[in-house]
Amino acid sequence: MNTMQTPTGTEQQVALRRRLDSSAGWLITTPGACDGGQYFAADDPDLLGWDTVLRRLHEDGIFGFRLVDVERQAAIEDQLAGNGCRIEWMDVFRAGANTIREALRGLDLSLPDGYRLIDAETLTYPDTIREVQAFMAANGLAPVSTALLSGRRGPCVPVAVTGPDGAIVATSFCHFPHNVHSPHDDTAWCGLSAVDPHHRGRGLGLAANAMAMRGMIEEKGARAIYQLAAHGDEAARNMAERCGLALDLSLLAGVAMPARNAPGN
């Protein structure tokens, strides 16, 4: 029982979640900044200022770039390399609300017998949020904060599905990362999608992902939604496309870190 009260994730992840929560006002008012959920991020690093980007990157060990023009890729890489950092880029899949609505109408989002969607109210309970965070951590995701999952950092739609034994077996999450200074301020991000390995092959990931998107459009007013997929992650790319998103070759997203902390070093 007491372990449920212990913050979930590594010491670094817990500390970073606290910094993000305490900086919520800064994230929604600072030109060029955006809320990466698991880390600080920018959709316009030049507007935010590279001094700020690099300070956060070196203090946190990670920094995100969201929906940056592909023409800026080389300049960003040069800035990072010149400061002892590197970046892993991801592809952006994006679509407008009407396109997503049409795609979701063609999907069967019913859950198999024995599986249940946790209702929105229950998802605000502290114990439920801790279960969601623990599930994320157990499935290789850095958990986001209680404040973000509960909507205290802005409009969001968390989705969690339980299996026959009542334990969470699938999650997804949508929120607005970009602030009023961004051309993407009405665009939501959908991510944190995971399915327990013992419950895969039942369409749970697609259903959770689609439900999060639908809720973000119908309940929170998202005008567009994007997802990120690593090169070669065919499962993520296929899920995004089935929900109506298409690869946007004009935009990129990525995660930067000091070169000494990068995978393989």
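Residue numbers (the UniProt record's numbering): 1 to 265. Every residue, glycine too, gets a C-beta built ideally from N, C-alpha and C.
- Distance between residue 157 and residue 213, taken at the CA atoms: about 8 Å.
- Counting C-beta pairs with one atom in each stretch, the stretch 43–54 and the stretch 198–210 have fewer than three that are closer than 8 Å, which means they do not touch.
- When Cβ pairs closer than 8 Å are counted between the two stretches, the stretch 212–230 is seen to touch the stretch 79–92, the count reaching three or more.
- Distance check between residue 192 and each of 166, 9, 144 places 144 closest, using alpha-carbon atoms only.
- The DSSP-derived three-state label of residue 198 is helix.
- Taken in chain order, the whole beta strand (DSSP E) runs of length 3 or more contained in the stretch 64–135 are 85–96.
- The alpha-carbon separation between residue 207 and residue 82 amounts to approximately 43 Å.
- When DSSP states are grouped into helix, strand and coil, residue 232 belongs to the coil group.
- A Cβ-Cβ contact shorter than 8 Å links residue 142 with residue 9.
- Fewer than three pairs of CB atoms, one per stretch, sit closer than 8 Å, so the stretch 126–135 makes no contact with the stretch 180–188.
- By a beta-carbon distance limit of 8 Å, residue 239 contacts residue 209. Their separation comes to about 6 Å.
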